[in-house]
Every structure is written in structure tokens, then in C-alpha cells.
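Q: Residue numbers (the UniProt record's numbering): 1 to 621.
(1) Whose C-alpha, out of 293, 120, 249 and 297, is nearest the C-alpha of residue 275?
(2) Going straight from the alpha carbon of residue 607 to that of residue 367, what length do you get?
(3) Pick out whichever of 447, 615 and 20 has its Cα sitting closest to the Cα of residue 64.
(4) Report the residue ranges of all alpha helix (DSSP H) runs contained in full by the region 560-605; include only those spanning at least 4 residues, in chain order.
(5) In the DSSP assignment, the beta strand (DSSP E) including residue 331 goes from what residue to what residue?
(6) Kindly provide the ranges of any alpha helix (DSSP H) runs that are 4 or more residues long and lie completely inside the region 180-259, ordered along the chain.
(7) Measuring straight from C-alpha to C-alpha, what distance separates residue 201 and residue 132?
(8) Please tell me whether residue 577 and residue 604 are closer than 8 Å, where the distance is taken between their beta carbons.
(9) Give me the residue from 549, 597 and 587 with the minimum Cα distance to residue 567.
(10) Pop quiz: residue 269 and residue 403 are said to be a contact at Cβ under 8 Å. What is the actual Cβ separation, rounded to whole angstroms?
(11) Please report how far the alpha carbon of residue 409 lies from the alpha carbon of residue 263, in whole angstroms.
(12) Taking buried to mean at least 16 other C-beta atoms within 10 Å of its own C-beta, is residue 239 buried or exposed?
(13) Let me know if residue 384 comes out buried or exposed under the rule of 16 or more other beta-carbons within 10 Å of its beta-carbon.
(14) Which of the three DSSP states is assigned to residue 376 in this structure?
(15) When the Cα of residue 119 is compared with those of 463, 446 and 62, which residue comes out closest?
(16) Does the distance from the CB of residue 561 to the CB of residue 518 come in under 8 Å?
(17) Based on DSSP bridge pairs, tell me the residues matched to residue 382.
(18) Going along the chain, which residues of its own chain have a beta-carbon closer than 8 Å to the beta-carbon of residue 623, five neighbours each way excluded?
(19) Am I right that residue 329 and residue 374 are in contact with their C-beta atoms under 8 Å? What's the rounded C-beta distance?
(20) Are the beta-carbon atoms of residue 58 and residue 23 separated by less than 8 Å?
(21) What number of angstroms, rounded off, separates the C-alpha of residue 396 from the C-alpha of residue 236?
(22) In whole angstroms, what is the alpha-carbon distance linking residue 285 and residue 183?
(23) For residue 509 and residue 458, I'd like the C-alpha separation in whole angstroms.
(24) Please give me, in chain order, every unbroken run of the beta strand (DSSP E) with length at least 3 that falls completely inside the region 275-302.
(25) Out of 322, 401 and 125, point me to the one whose CA is closest to residue 363's CA.
(26) For residue 134, count neighbouring C-beta atoms within 10 Å of its own C-beta (all shown protein chains included) and say buried if the count is 16 or more, exposed if not.
(27) Name, in chain order, the residues that DSSP records as bridge partners for residue 370.
(28) To which residues of the same chain is residue 228 closer than 7 Å at the C-beta, ignoring the five residues directly before and after it?
(29) From which residue to which residue does the alpha helix (DSSP H) around residue 73 run?
(30) With a threshold of 7 Å on Cβ separation, who are the neighbours of residue 219 within its own chain once the five nearest residues in sequence on each side are excluded?
(31) Is it buried or exposed for residue 92, if we count other Cβ within 10 angstroms and need 16 for buried?
(32) What distance in whole Å lies between the Cβ atoms of residue 546 and residue 515, which are believed to be in contact at a cut-off of 8 Å?
(33) If you reduce the DSSP assignment to three classes, tell me which class residue 610 lands in.
(34) Between which two residues does the beta strand (DSSP E) carrying residue 504 extend?
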């Protein structure tokens, strides 16, 4: 209620002048009537204050001229009815000029004070409204996500708050060529921020108000909003860049983990194609390997769209002279092809064999270099017409380096495995040759010598018993040497393994073991020789270790062939605590099994016996 009354008192438009005259007459009449009532209780010379109330009201609501007129009328009425006795009133001598003059001066001062107070209050209210409008404008501009989108709303708020028919706030320079509009520049340190566009027919006070008060405040808020938007854009760009780098590093870390784990190259190629495609927002990615016959082999392929099964991995296609793969092969440097360069056919031609995608318009490729040799190429294909940003080749190169590392590691592992397999095969062949040489050479010669000694012993005359006895001891020694040589030959390479197979050889080991053996062999036919030799030595070394170290009462040996692998499980009930790294024969067994592409695992908790499990591929080493 108070606010409504205050607003009505501070309104800019004054009531009609006729209403002011009527109110002034009414105030003078009411004040005169009131002074007659108060005359009985107060001296008449003190009742002139009552007339000042009307002067104050009229001066405040209708301005200084009507207030002054009301003050003059009130002074004459007061002097006529209250100051001068009614019976002494004449034309000139009946007026009390001094009190009348004093009242008129006071009335005029009150009237001027009331008009000034109204002006000051209206200006204060106007300033308060401008402050509220500036605060609302600042909130709108500083909270807006996009400054240009918030300017029309700000202009409407300013127009409503200032009571103007039209206002517009625009970024940059505007409105200069329209004669019906006036453009007020909004600048900050000689930098043009925008323009305040207003009607050209505005009154001079309103235009001065815009220039002196609205424009400076709007410049400050607009400068802060521009700075906030610039900072926000920079932060958003920085955040996007950090997210991109984090995603890229996470993808590289995932691929690097696969490389460090030594997984199959095909799995690494697939992971690289997928991760790189997601990072660079490609539609298709491919990893290709150059072949000596001028073809490329597809090592992995990834597509962002689910267009059915992908192309077959390992398929070949000939190199085309205008293709990106051929360009990389010639230059050894990253390259790109795009429709804008007139080479869309060459870019899309990379997919002729892999997929049919006519929408591909650009491609970026990076070479894969393994040990200073160009091994292959990684290509990213794009459908979008927008050019790809600079530096994307460097991002692709990070993935190609991982591919090169994976290929190099795989080659090193293959070479190491092949070398170990060759060493094991050579060792087995050497053992076999030594066993064969001993069997066919030294053993046969010893047998022949033994027979000759026995014949010589039988031919000795009876009268030479000492010679017969000496020849007999020599023949027995020769027989013992032959047995030792046969035992040594069996340790080098058991002949029964070559002739009878794995089952008879393992039965012989079980019979010779000093610890009872529960042997279970489930085989359908013969296994490859290298696998049989490995299984034989695993069982032989394990039984030897049990006899020497385990203090066991029973050993269970299970050998079977399941699918494409042979499995050996050896368990004892000894003291446990076996450590393959302790320098025992288990290290040699581990090397032999790994050379054949197999695995061996030893579990030996203290006091609970030892379990050895080996799995050896049957198909290859």
C-alpha cells in the first residue's frame, strides 16, 4: 500500500491544471474554516502555518507556478480574515503589509522547497529504477551462455525500463545508415564492443540520459560479459582439449597394455583400428600390410556403422597407382586425400575390396615402420565434407608406433620361440644320435668282446684255473660296463620311446621309480616325436625330483591328449615347497615346454605335496 502511494506521488505526469486550481481553492477554503475553529484556542498570528499545508500539497503535485499562486491567495485570505480586524478593513489602510509580506516569502519558499523535493525524489526514483535495470541487465548478460542470443532480451528490458518505444543492442557497428535511428557506440578502451540503437526523434533530456547514464553502465556490463564469454570459450576449448587428450591417452594406454601383455598381433590390430577410429571420429579404419608381390593384406578393419559383417581379415588386393596405400609406399610419409583436391576416387578406391561406401570423400594415412622397414599403412576414412583438422596425422602416428612395437615384439617372440625350438630339436637329435651311435657302435662292440672273452674262457685248459678265473672276472666287468652304458643310453634318449611310443616308455619309468607310481595313460595312437620326448622328460624329471626331495609315498601320473593339446599331470603326497626358480631340473622342463608353445605350472604348498601340470600343443611348436 505504501509503495503504491509512493508511486502515485512520484509519477511523472502531473494532474490537470484545472484540478490543481480546484484543489488550491478547496485547500484555502478548508484552511480558513479550520483557522476560525482554532482561533479560540490559539493566537491568530500563529495560525498562518495552517495555510502552508495547502501550499505544500499544490506545489508538490502541480509545480511551482500554481504553488506560488496558492501561496499568494492564502496570504491575502489569512491577512484579511485573521490579522486585520474586520471593522477596520479599507482599500489601503486595512491590510497588514508586514505579516502579509512575511507569509508570502515563507509560502514562496515552501512552494519552492516542495517542487525541489519532488524533483529530487523523482530523480532518486529514476536512479533506483536505472540501478535495478542495470542489475537485471548484468544478470542477463553475465548468465547467458551465448551473448548474442541474450542481447534482444536485454534490449526489450531496457526499452520497458526506460519507457522508450524501441531500443536495440547489437554486437559490432550497426544502425549508422538509418536516418530514423541513432547509433550510440559501446566501447571499452577504444575497442568497439557493440552499438545501442535508439529512435532518432528522442527528446534531448532522454537522449542525454542515454548518453550519460545508460551507455556507460551498459559498456561496463557488456565488457564484463564479453570477457566472461571469452573466458568461458577458452575454458570450454581447454576442457574439450583435455578430454580429447585424456581419451586419446586412455586409448593408447589400453592398446599399450595389450602390447605389453604380448597378446596376438591380430587382437592388437583390431584394438588399434577401433581405438583410432573413435579418437579421430573416422567412419572406417583399416590396418594394411605390404606384401612382396605388390599387394596389400588387410590385417584389421573397423567401421563406425553397423553395416553387417566386415571384410575378411587377411584378404589381399593389388596396389593401385592413385591409391593412398601406393602413395605411402612411394613416399613413406603421412598423407591425405580429399574430394576438394580432386582425388576422391583415389581416397575411396582404398575401400574397393573391403567395403562399398560411396560416401567416403577423404582419407588420412600414416605409415607403419618396423625396424626401419616400411611394414604397412594405417588409414582412416571420413564421409564428412568438412576438412579434417591439422595435426590428425600425428595422432594417428601414435597408434602406428604401437602397431610397430606389437609387430616387432611378435617377430621377436616368434624368433625366440623358433630359436628355442631349434635348440630343443637339435638337443633331442643329438641325444638320439648319441644313443644310436652307442647302441650300434660301442654297445655292439662290447657285446662282441664279451662273447670273445667267454669263448676264450671256455677254451682255457683245466690246468690253468687262475687264467680262467681272471677271464671270467674280466667278462663280468665287461658285462657291467655294458649295463652301465645301456643305462646311460636310456638317459640320453630312450630307445623304447622311439620304437614303442610314449605309453611303454612311461611304464618303464614307473617300474624303475623308487617311489610307487600310479600311472594312467590315455592316448589314441602316437603323438608327434617332439611332444612325446617332452612328455617323457617331464615325467622322468618329476619322478627323479620326487625320489630325491619330496619324501613321498605315492606319485600319480596322468597323461592324455584332449583336442589339439597333450596334458600331463603329476601329483605326489610329499612335503611340498618345490620352487621352479631354485635351480632344479624344472627350469629345463619349462624351457622345453615353452619352446613347443606349451605351458607348465607347479603348485607346491608346504606340507601338502606338489602338483605339476603341463599342456603342450600337438599341432606345432
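Every residue gets a Cβ at the ideal spot worked out from N, C-alpha and C, and that includes glycine.
A: Here's the rundown:
(1) 249
(2) 58 Å
(3) 20
(4) 586-595
(5) Careful: residue 331 lies outside any beta strand (DSSP E), inside the alpha helix (DSSP H) at 324-331.
(6) 204-209
(7) 26 Å
(8) yes
(9) 597
(10) 7 Å
(11) 10 Å
(12) exposed
(13) exposed
(14) strand
(15) 62
(16) no
(17) 362
(18) Nothing about residue 623 can be read from this structure; the chain reaches only from 1 to 621.
(19) 7 Å
(20) yes
(21) 24 Å
(22) 55 Å
(23) 38 Å
(24) 284-290
(25) 322
(26) buried
(27) 373
(28) 142
(29) 64-78
(30) 186, 187, 188 and 193
(31) In this predicted model, residue 92 has a pLDDT of only 43, less than 50, meaning its place in the structure is not dependable; the value taken from the coordinates is given anyway. Exposed is the call here.
(32) 5 Å
(33) coil
(34) Unbroken run through residue 504 is the alpha helix (DSSP H), 502-512; no beta strand (DSSP E).
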